[in-house]
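For reference, the structure discussed in these notes is given below.
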Amino acid sequence: MQLMKFTAPEADQLDATENWANRKYCKSTGACTPKGFMTLEPCYAQDGFTIPLYLSFPYFMDADTRASGRIDGVPKADRGKHRIYLLAEPTTGVTLEAYLRFQLNLFMANTHERYRNMSGPYYFPLAWVELEIVTPLEPVKFFKENILDLRNKAPHLMSILAVVCGVISLLLLATFAFRVRFYRTHGSVNLVLHSHDANDSPDTCKKEPIDFRVYLTLPESDSKEVLQSTSESDQLSECETE
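When we follow this note's numbering, the leftmost residue of the sequence shown carries the number 925, and every step to the right adds one.
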(Lines of atoms letter the chains of each structure in order from A and count residues from 1; the text may use other names and numbers.)
(Lines give C-alpha, C1' and ligand atoms only; values in the text may rest on other atoms or scores of the structure.)
Protein backbone atom coordinates (compact mmCIF):
# COMPACT_ATOMS: atom_id res chain seq x y z
CA MET A 1 0.00 0.00 0.00
CA GLN A 2 1.39 3.38 -1.00
CA LEU A 3 1.05 6.21 1.52
CA MET A 4 1.78 9.92 1.42
CA LYS A 5 3.76 11.57 4.22
CA PHE A 6 2.76 15.05 5.43
CA THR A 7 5.15 16.84 7.77
CA ALA A 8 4.89 20.02 9.82
CA PRO A 9 6.51 23.16 8.37
CA GLU A 10 10.17 23.67 9.01
CA ALA A 11 11.18 26.13 11.70
CA ASP A 12 12.74 28.39 9.06
CA GLN A 13 9.38 28.68 7.30
CA LEU A 14 7.75 29.91 10.52
CA ASP A 15 10.48 32.41 11.34
CA ALA A 16 9.14 35.96 11.12
CA THR A 17 12.56 37.33 10.22
CA GLU A 18 12.76 35.01 7.21
CA ASN A 19 9.10 35.13 6.21
CA TRP A 20 7.52 38.51 6.76
CA ALA A 21 3.97 37.11 6.53
CA ASN A 22 4.53 35.20 9.77
CA ARG A 23 4.71 38.43 11.76
CA LYS A 24 0.96 38.08 12.25
CA TYR A 25 1.78 35.37 14.79
CA CYS A 26 3.86 37.78 16.85
CA LYS A 27 2.45 39.45 19.93
CA SER A 28 1.00 42.91 19.52
CA THR A 29 3.46 44.23 22.09
CA GLY A 30 7.11 43.31 22.15
CA ALA A 31 9.34 41.52 19.70
CA CYS A 32 8.62 38.26 17.87
CA THR A 33 9.65 34.96 19.39
CA PRO A 34 12.94 33.40 18.31
CA LYS A 35 13.06 30.89 15.51
CA GLY A 36 11.56 27.53 16.46
CA PHE A 37 9.30 28.89 19.24
CA MET A 38 5.59 29.66 19.31
CA THR A 39 3.96 31.51 22.19
CA LEU A 40 0.88 30.23 23.99
CA GLU A 41 0.55 33.27 26.25
CA PRO A 42 -2.30 34.91 24.24
CA CYS A 43 -4.33 31.71 24.56
CA TYR A 44 -4.25 31.86 28.35
CA ALA A 45 -4.60 35.66 28.44
CA GLN A 46 -8.19 35.33 27.23
CA ASP A 47 -9.00 33.50 30.49
CA GLY A 48 -7.16 36.05 32.64
CA PHE A 49 -3.92 34.10 33.10
CA THR A 50 -0.42 35.26 32.27
CA ILE A 51 1.65 32.12 31.77
CA PRO A 52 4.70 32.56 29.52
CA LEU A 53 4.49 29.13 27.86
CA TYR A 54 6.15 28.49 24.50
CA LEU A 55 6.03 25.55 22.12
CA SER A 56 8.96 24.11 20.23
CA PHE A 57 10.04 20.85 18.68
CA PRO A 58 11.53 18.30 21.13
CA TYR A 59 15.04 19.13 22.32
CA PHE A 60 14.89 22.52 20.59
CA MET A 61 15.13 20.93 17.16
CA ASP A 62 15.70 23.60 14.47
CA ALA A 63 15.33 26.33 17.10
CA ASP A 64 17.51 29.37 17.53
CA THR A 65 20.84 28.23 18.95
CA ARG A 66 21.00 31.28 21.22
CA ALA A 67 17.96 29.95 23.08
CA SER A 68 18.89 26.27 23.11
CA GLY A 69 22.57 26.85 23.84
CA ARG A 70 21.86 28.33 27.27
CA ILE A 71 20.52 25.02 28.60
CA ASP A 72 23.04 22.29 29.41
CA GLY A 73 22.35 18.58 29.18
CA VAL A 74 19.82 18.75 26.31
CA PRO A 75 20.21 15.69 24.00
CA LYS A 76 20.64 16.16 20.30
CA ALA A 77 17.36 15.96 18.45
CA ASP A 78 16.70 13.24 15.86
CA ARG A 79 14.62 14.46 12.92
CA GLY A 80 13.23 10.98 12.29
CA LYS A 81 12.00 10.58 15.87
CA HIS A 82 11.07 14.11 16.85
CA ARG A 83 9.21 15.50 13.84
CA ILE A 84 5.48 15.94 13.41
CA TYR A 85 4.07 13.98 10.48
CA LEU A 86 1.20 11.77 9.38
CA LEU A 87 0.77 9.00 6.80
CA ALA A 88 -2.36 9.03 4.65
CA GLU A 89 -3.69 6.97 1.76
CA PRO A 90 -3.57 9.34 -1.26
CA THR A 91 -6.83 8.33 -2.98
CA THR A 92 -9.25 8.26 -0.05
CA GLY A 93 -7.33 10.58 2.28
CA VAL A 94 -7.67 8.18 5.22
CA THR A 95 -4.99 8.78 7.86
CA LEU A 96 -3.39 5.54 8.98
CA GLU A 97 -0.59 6.90 11.19
CA ALA A 98 -0.04 10.25 12.91
CA TYR A 99 2.70 11.49 15.22
CA LEU A 100 2.42 14.77 17.13
CA ARG A 101 5.52 15.78 19.06
CA PHE A 102 6.12 19.10 20.80
CA GLN A 103 7.99 20.52 23.79
CA LEU A 104 6.63 22.87 26.45
CA ASN A 105 9.00 25.62 27.53
CA LEU A 106 8.65 28.22 30.26
CA PHE A 107 10.09 31.64 29.56
CA MET A 108 12.18 32.73 32.53
CA ALA A 109 13.34 36.34 32.51
CA ASN A 110 16.06 37.20 35.04
CA THR A 111 14.24 40.25 36.31
CA HIS A 112 14.52 39.29 39.96
CA GLU A 113 17.41 40.85 41.82
CA ARG A 114 18.75 37.47 42.81
CA TYR A 115 19.07 36.31 39.18
CA ARG A 116 20.30 39.49 37.53
CA ASN A 117 23.82 38.07 37.11
CA MET A 118 22.53 35.07 35.12
CA SER A 119 22.93 35.03 31.37
CA GLY A 120 19.21 34.75 30.74
CA PRO A 121 16.51 34.99 29.71
CA TYR A 122 15.85 31.28 29.30
CA TYR A 123 13.35 29.06 27.56
CA PHE A 124 13.35 26.39 30.22
CA PRO A 125 12.12 23.02 28.92
CA LEU A 126 9.40 21.53 31.10
CA ALA A 127 8.53 18.37 29.15
CA TRP A 128 8.03 17.15 25.65
CA VAL A 129 4.89 15.27 24.64
CA GLU A 130 4.30 12.66 21.96
CA LEU A 131 0.82 11.75 20.71
CA GLU A 132 0.82 8.68 18.51
CA ILE A 133 -2.06 7.27 16.46
CA VAL A 134 -1.44 4.00 14.62
CA THR A 135 -4.22 2.04 12.94
CA PRO A 136 -4.22 -1.67 13.89
CA LEU A 137 -3.24 -4.22 11.27
CA GLU A 138 -6.67 -5.86 10.89
CA PRO A 139 -8.56 -2.67 9.90
CA VAL A 140 -5.75 -1.85 7.50
CA LYS A 141 -6.10 -5.25 5.80
CA PHE A 142 -9.89 -4.84 5.60
CA PHE A 143 -9.47 -1.36 4.13
CA LYS A 144 -7.02 -2.62 1.52
CA GLU A 145 -8.96 -5.72 0.45
CA ASN A 146 -12.48 -4.25 0.41
CA ILE A 147 -11.82 -0.70 -0.79
CA LEU A 148 -8.45 -0.28 -2.47
CA ASP A 149 -8.36 -3.65 -4.25
CA LEU A 150 -12.01 -3.25 -5.33
CA ARG A 151 -11.15 0.16 -6.74
CA ASN A 152 -8.37 -1.41 -8.80
CA LYS A 153 -10.74 -4.11 -10.10
CA ALA A 154 -13.49 -1.65 -10.99
CA PRO A 155 -12.17 -0.83 -14.51
CA HIS A 156 -12.11 -4.53 -15.42
CA LEU A 157 -15.64 -5.05 -14.10
CA MET A 158 -16.89 -2.05 -16.04
CA SER A 159 -15.29 -3.41 -19.23
CA ILE A 160 -17.03 -6.77 -18.79
CA LEU A 161 -20.36 -5.04 -18.11
CA ALA A 162 -19.95 -2.92 -21.25
CA VAL A 163 -19.31 -6.03 -23.37
CA VAL A 164 -22.39 -7.80 -21.97
CA CYS A 165 -24.59 -4.76 -22.63
CA GLY A 166 -23.23 -4.53 -26.17
CA VAL A 167 -24.02 -8.18 -26.91
CA ILE A 168 -27.56 -7.81 -25.54
CA SER A 169 -28.12 -4.70 -27.66
CA LEU A 170 -26.95 -6.51 -30.81
CA LEU A 171 -29.30 -9.42 -30.10
CA LEU A 172 -32.25 -7.08 -29.64
CA LEU A 173 -31.46 -5.24 -32.87
CA ALA A 174 -31.12 -8.51 -34.78
CA THR A 175 -34.43 -9.78 -33.42
CA PHE A 176 -36.21 -6.55 -34.34
CA ALA A 177 -34.76 -6.59 -37.87
CA PHE A 178 -35.79 -10.24 -38.36
CA ARG A 179 -39.38 -9.54 -37.29
CA VAL A 180 -39.67 -6.54 -39.61
CA ARG A 181 -38.33 -8.59 -42.55
CA PHE A 182 -40.65 -11.49 -41.74
CA TYR A 183 -43.81 -9.33 -41.78
CA ARG A 184 -42.77 -7.64 -45.02
CA THR A 185 -42.26 -11.02 -46.70
CA HIS A 186 -45.24 -13.03 -45.43
CA GLY A 187 -47.85 -10.30 -45.18
CA SER A 188 -50.07 -9.57 -42.26
CA VAL A 189 -53.14 -11.01 -40.60
CA ASN A 190 -55.88 -8.68 -39.37
CA LEU A 191 -58.50 -9.92 -36.97
CA VAL A 192 -61.74 -7.98 -36.85
CA LEU A 193 -64.29 -8.79 -34.22
CA HIS A 194 -67.78 -7.41 -34.86
CA SER A 195 -70.20 -7.51 -32.01
CA HIS A 196 -73.70 -6.21 -31.62
CA ASP A 197 -74.15 -3.32 -29.30
CA ALA A 198 -76.94 -3.26 -26.78
CA ASN A 199 -78.53 -0.32 -28.60
CA ASP A 200 -78.95 -2.38 -31.80
CA SER A 201 -81.30 -4.81 -30.11
CA PRO A 202 -84.52 -3.78 -28.43
CA ASP A 203 -84.19 -6.60 -25.96
CA THR A 204 -80.96 -6.28 -23.99
CA CYS A 205 -81.41 -9.70 -22.47
CA LYS A 206 -81.58 -11.41 -25.82
CA LYS A 207 -78.68 -13.59 -26.79
CA GLU A 208 -76.99 -12.27 -29.92
CA PRO A 209 -74.34 -14.06 -32.01
CA ILE A 210 -70.81 -12.67 -32.48
CA ASP A 211 -69.64 -11.94 -36.02
CA PHE A 212 -65.96 -13.05 -36.38
CA ARG A 213 -64.01 -12.13 -39.52
CA VAL A 214 -60.40 -12.77 -40.55
CA TYR A 215 -58.69 -10.67 -43.25
CA LEU A 216 -55.64 -12.22 -44.93
CA THR A 217 -53.41 -9.81 -46.85
CA LEU A 218 -51.03 -11.38 -49.39
CA PRO A 219 -47.85 -9.53 -50.41
CA GLU A 220 -48.05 -10.55 -54.12
CA SER A 221 -51.44 -8.93 -54.70
CA ASP A 222 -53.82 -6.44 -53.18
CA SER A 223 -56.69 -8.94 -53.03
CA LYS A 224 -58.13 -9.96 -49.70
CA GLU A 225 -59.74 -13.17 -48.66
CA VAL A 226 -62.38 -12.90 -46.02
CA LEU A 227 -63.36 -15.77 -43.75
CA GLN A 228 -66.51 -15.20 -41.76
CA SER A 229 -67.88 -17.30 -38.97
CA THR A 230 -70.61 -16.85 -36.50
CA SER A 231 -70.46 -18.32 -33.04
CA GLU A 232 -73.63 -18.62 -31.07
CA SER A 233 -71.89 -20.04 -28.04
CA ASP A 234 -70.19 -16.71 -27.24
CA GLN A 235 -72.62 -14.31 -25.71
CA LEU A 236 -72.34 -10.67 -25.00
CA SER A 237 -74.43 -10.90 -21.87
CA GLU A 238 -76.25 -13.29 -19.66
CA CYS A 239 -79.71 -12.77 -18.32
CA GLU A 240 -80.93 -13.92 -14.98
CA THR A 241 -83.95 -16.19 -15.09
CA GLU A 242 -86.69 -15.64 -12.65
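A virtual CB, placed ideally from N, CA and C, is assigned to each residue, including glycine.
- Distances from the alpha-carbon of P1049 to those of A1098, T963, T1109, Y978 put Y978 closest.
- The stretch 962-979 makes no contact with the stretch 1000-1018: fewer than 3 CB pairs, one atom from each, lie closer than 8 Å.
- Ranking R994, N1070, E942 by CA distance to the CA of E1062 puts N1070 first.
- Between W1052 and the set R1025, G997, N1034, the nearest pair of CA atoms involves R1025.
- Restricting attention to beta strand (DSSP E) runs no shorter than 3 residues, the stretch 958-1022 encloses them at 977-980, 1009-1012, ordered along the chain.
- Rounded to whole angstroms, the gap between the alpha carbons of C1089 and F1102 is 20 Å.
- Secondary-structure assignment with DSSP links A1051 through a beta bridge to L1028.
- Counting only residues of its own chain and dropping the five nearest sequence neighbours on each side, F1031 has a CB closer than 7 Å to the CB of P976, Y978, P1045, Y1047.
- K959 is classed as buried because its beta carbon has at least 16 other beta carbons within 10 Å across all chains shown.
- In this structure, P982 is the residue among I995, P982, E1013 with its C-alpha nearest to the C-alpha of D1002.
- Shown here, M1082 sits in a helix according to DSSP, grouped into three states.
- For V1058, the beta-bridge partners assigned by DSSP are E1021.
- Here the C-alpha atom of F961 lies approximately 54 Å from the C-alpha atom of M1082.
- In the structure shown, T1035 falls within a coil segment according to DSSP collapsed to helix, strand and coil.
- The residue from F984, I1008, E1056 with its alpha-carbon nearest to that of G997 is F984.
- Under the criterion of beta carbons closer than 8 Å, R1007 and T931 qualify as touching, at roughly 6 Å.
- Short of 7 Å from the beta carbon of D988, and not among the five residues preceding or following it, lie these beta carbons of its own chain, in chain order: P958, K959, G960.
- Here Q970 is exposed, its C-beta having fewer than 16 other C-beta atoms within 10 Å.
- Between S980 and Q926 the beta-carbon gap is near 32 Å, outside 8 Å, which marks them as no contact.
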